[in-house]
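Residue numbers (the UniProt record's numbering): 1 to 286. Backbone N, C-alpha and C define an ideal beta-carbon position, used for all residues, glycine too.
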Amino acid sequence: MIELRDIHYTRLGTQDLDAAEKFSTEIVGLQKVERTADRLYLKSDSRHHTLCYFLGDPSEQIIAYELKDWSRLGAAYEQLRAAGVPCGLGTSAEAADRHVEAFVWFLDPTGNRIELVARPHEAGRRYIPSRDAGILGFGHVGICSTDPVRDQAFWLTHFNAMISDWIGPCPLLRVNPRHHQMALFAAQRKGIQHINHQVAEIDDVMRSWYFLNEKNIKITFGPGRHPTSGGNFLYFEGPDGVIFEYSNSDRKIIEDLSTYRPRQFPLDPSSFCMWGSKPDIAEFNG
Ligand SMILES: [Fe+2]
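Structure below.
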């Protein structure tokens, strides 16, 4: 069993780093940490970065988890390799590029590239928002799955992932008490389905709704409230068609695991929004 502490970063390929910088700072509110000829590092909390754009193919998207115990990195690699999962050890240059001490990569059954990082770097300085969106930090990702039942089994078999709820066949998974760090959504493709940043309160969600409308940003869902996590949410579209989300999902599952029962919601818009907002996001419509 590979024990994960939390989701840590995403990496997105793009052909237009300027557009990515403008959107992620002026619109989302992330802080630029560093920009090079082929990298853009952005932070949203106390970590060195939680999002890195790299010059490359926009279909190249990576999600990273931090290991609970850094010393188990080699064991994690061996477990995945023995199970026939495509995987490899990151080089020291690749680790430096990610601002971690070491990492292992693997492909989930859909083909998504996931990285397991050991001793990721903290920032010595606080997160200073580029705009006041109320961001508290990187929250979770939606990830595309060509077979959510198969991919759920993969995560439950190899990792300490637990099911918090289902929407149709799609599980919302957690590796710590927060309601979910990853949700698997049925799709015909691999890749990141959305990137969530947690905000402090519903006022932040609504302020951003007005702000994004003024800036003519495409709103794809919300404002609304998720019946699963309880969070108020707003989804909008960024560069290369990547969907970003703000939410204040503060629900935590801390009860005895033997008594917690994941809830089954039907694959219906009402399972994504208890207020009646309708998603303009293919994977949320089944
Ligand atoms: Fe979300």
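Asked, Found
"Close Cβ partners of TRP70 (< 6 Å) along its chain, the five nearest in sequence each way excluded", "ALA118, ARG119"
"Nearest to ILE163 (by Cα), restricted to the options LEU267, LEU212, ARG125, ARG261", "ARG261"
"Residue burial classification, ARG225 (beta-carbon count within 10 angstroms, cutoff 16)", "buried"
"Residue span of the alpha helix (DSSP H) that contains VAL149, given as start and end", "148 to 158"
"Cα-Cα separation, ASN285 to GLY124", "42 Å"
"Whole-angstrom distance between PHE233 and residue 309, CA atom to CA atom", "Because the chain is modelled from 1 through 286, residue 309 falls outside the range shown and cannot be assessed."
"DSSP three-state assignment for PRO279, whether helix, strand or coil", "coil"
"Heavy atom of ligand 1 within 7 Å of GLY142 beta-carbon", "yes"
"Straight-line gap, LEU73 to ASN213 (C-alpha atoms, nearest Å)", "44 Å"
"Assigned exposure category for SER24 - 16 Cβ within 10 Å defines buried", "buried"
"Stretch-stretch touch, CB-based, cutoff 8 Å, three pairs: the stretch 130 to 137 with the stretch 172 to 179", "no"
"Where THR25 falls: helix, strand or coil (DSSP)", "helix"
"Touching by the beta-carbon criterion (3+ pairs, under 8 Å), the stretch 240 to 250 and the stretch 180 to 198", "yes"
"CB contact flag (ASP165, PHE221, <8 Å)", "no"
"Stretch pair the stretch 196 to 207 + the stretch 131 to 151: three plus CB contacts closer than 8 Å", "yes"
"Through-space distance from ALA282 to PHE185, alpha-carbon basis", "10 Å"
"ASN285 Cβ short of 7 Å to ligand 3 heavy atom set", "By its list of ligands, the structure shown excludes ligand 3, since it contains just ligand 1."
"SER208 - DSSP class collapsed to helix/strand/coil", "helix"
"Closer than 5 Å to ligand 1: residues, by C-beta to nearest heavy atom, in chain order", "ASN196, GLU245"
"Segment contact flag, the stretch 14 to 31 with the stretch 50 to 58, C-beta cutoff 8 Å, min 3 pairs", "yes"
"According to DSSP, residues forming a beta bridge with ARG174", "MET162"
"Bridge partners - GLN198, DSSP secondary structure assignment", "GLY137, SER247"
"Neighbourhood of PHE106 by C-beta distance below 7 Å, restricted to the same chain and skipping five residues each side", "LEU80, VAL85, PRO86, CYS87, ILE114"
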